[in-house]
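Trainee: Positions -31 to -1, 1 to 170 (mature numbering (1 follows the signal peptide of the UniProt record, and there is no 0)) are the ones given, in order, by the sequence shown. Cβ atoms here follow ideal geometry from the backbone N, Cα and C, with glycine treated the same way. Dropping the structure in here first, questions after.
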Amino acid sequence: MVKISFCGSFHSFTMRLHLVLLFPLLSQSLAFSSPAVVQRVQGRSLLSLSSDPLAETKTDQAAGAEEESSLEPLYLAASQQVEGALTQIISDENTLNPLVHFTKEYLTANQNAFKAGNEEASSGKAAQRILEGIKLGMTHGLGENKYMFGPSHTALRGKDPEAEDGNTYDFYAFGCDFFRPCMNVEKSVVLGQENLHARTK
């Protein structure tokens, strides 16, 4: 299992907001996840279909309540700040709720990483990253200037605006910076062949 970061609702988050944030890093990555998230992700395939969608929703809601109660005051305040910003710009609950859930899981991952000694995972910096993601999503995912990905594309680095249809923003760097604080890099198995060989011996 690749141990990078944190959440189970990333797929919903990206599909709902149509972000161009190139978040290819996650699937079932669990390094700083809360126990509830780890258990839920390990017991469920992202490709499986629930025979009882209502039961699935209730399970997610219960897990969300547990995650919120596990947030310490600074991270809970950050969660409420982000939720307030989301509520102001998104009225559809079917879009809003997965984003709120993602926010709580992301902040839980940052809280755990901060406790493990990563100062970049502080509540303030984590909230700032989420708000930047919301801004990008509203501009490039839901705004007038939607970016439409083709079947293949070159990473949008903002270094060659002429070749990138005028883009000057480094989306790749943002994606890396967004998730890096949640990664347990010292225990990662995706740092290159040498580390991979060391982990598989």
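With H, G and I counted as helix, E and B as strand and the rest as coil, what does DSSP make of R126?
Mentor: Along the sequence shown, one-based indexing puts residue 126 at 157. Note: R126 maps to coil in three-state DSSP.
Trainee: Identify which residue in S39, R98, T169, A167 has its Cα closest to the Cα of N81.
Mentor: Here residue 81 is taken as the residue at index 112 of the sequence shown, counted from 1. Closest by alpha carbon: S39.
Trainee: Check whether the stretch 65 to 75 touches the stretch 84 to 93, taking contact to mean three or more Cβ pairs, one atom from each stretch, closer than 8 Å.
Mentor: Because the criterion of three Cβ pairs below 8 Å is not met, the stretch 65 to 75 and the stretch 84 to 93 do not touch.
Trainee: Using three-state DSSP, classify K115 as helix, strand or coil.
Mentor: As a working note, residue 115 is residue 146 in the sequence shown. Coil.
Trainee: Report yes or no: do three or more beta-carbon pairs, one from the stretch 130 to 147 and one from the stretch 93 to 111, lie closer than 8 Å?
Mentor: Counting Cβ pairs under 8 Å, three or more are found: they touch.
Trainee: For S91, which option in A46, A167, S157 has the closest C-alpha, if you only look at C-alpha atoms?
Mentor: Position 122 of the sequence shown holds residue 91. Nearest option by C-alpha distance: A46.
Trainee: Is the distance from the Cβ of N79 to the Cβ of A54 below 8 Å?
Mentor: What you label residue 79 is simply residue 110 of the sequence shown in a count that begins at 1. What you label residue 54 is simply residue 85 of the sequence shown in a count that begins at 1. In this structure, A54 does not lie closer than 8 Å to N79 by Cβ.
Trainee: Would the beta-carbon of T56 fall within 8 Å of that of L43?
Mentor: In the sequence shown, counting from the first residue as 1, residue 56 sits at position 87. In the sequence shown, counting from the first residue as 1, residue 43 sits at position 74. No. Outside cutoff.
Trainee: Using a threshold of 8 Å, state whether the C-beta atoms of E89 and P150 are closer than that.
Mentor: Position 120 of the sequence shown, counting from 1, holds the residue named residue 89. Position 181 of the sequence shown, counting from 1, holds the residue named residue 150. Against a cut-off of 8 Å, the Cβ pair of P150 and E89 comes out as a contact.
Trainee: Measuring only the C-alpha atoms, how far is Y135 from H166?
Mentor: Here residue 135 refers to the residue found at position 166 of the sequence shown. Here residue 166 refers to the residue found at position 197 of the sequence shown. Note that residue 135 corresponds to Gly in the displayed sequence, not to Tyr. So the alpha carbons of these two residues sit roughly 41 Å apart.
Trainee: Using the rule of at least 16 other Cβ atoms within 10 Å of the residue's Cβ for burial, across every protein chain shown, is T169 buried or exposed?
Mentor: Counting from 1 along the sequence shown, the entry for residue 169 is found at position 200. T169 comes out exposed.
Trainee: Taking all protein chains shown into account, decide if S(-5) is buried (16 or more other Cβ within 10 angstroms of its Cβ) or exposed.
Mentor: Position 27 of the sequence shown holds residue -5. Reliability fails at S(-5), whose pLDDT of 31 lies under 50, so the model's placement of it is uncertain and the value that follows must be treated cautiously. Exposed, since its Cβ has fewer than 16 Cβ neighbours within 10 Å.
Trainee: Ignore the nearest five residues each way along the sequence and tell me which others in V69's own chain have a CB closer than 7 Å to its CB.
Mentor: Here the question's residue 69 lines up with position 100 in the sequence shown. Within the same chain, V69 has close Cβ partners E52, L55.
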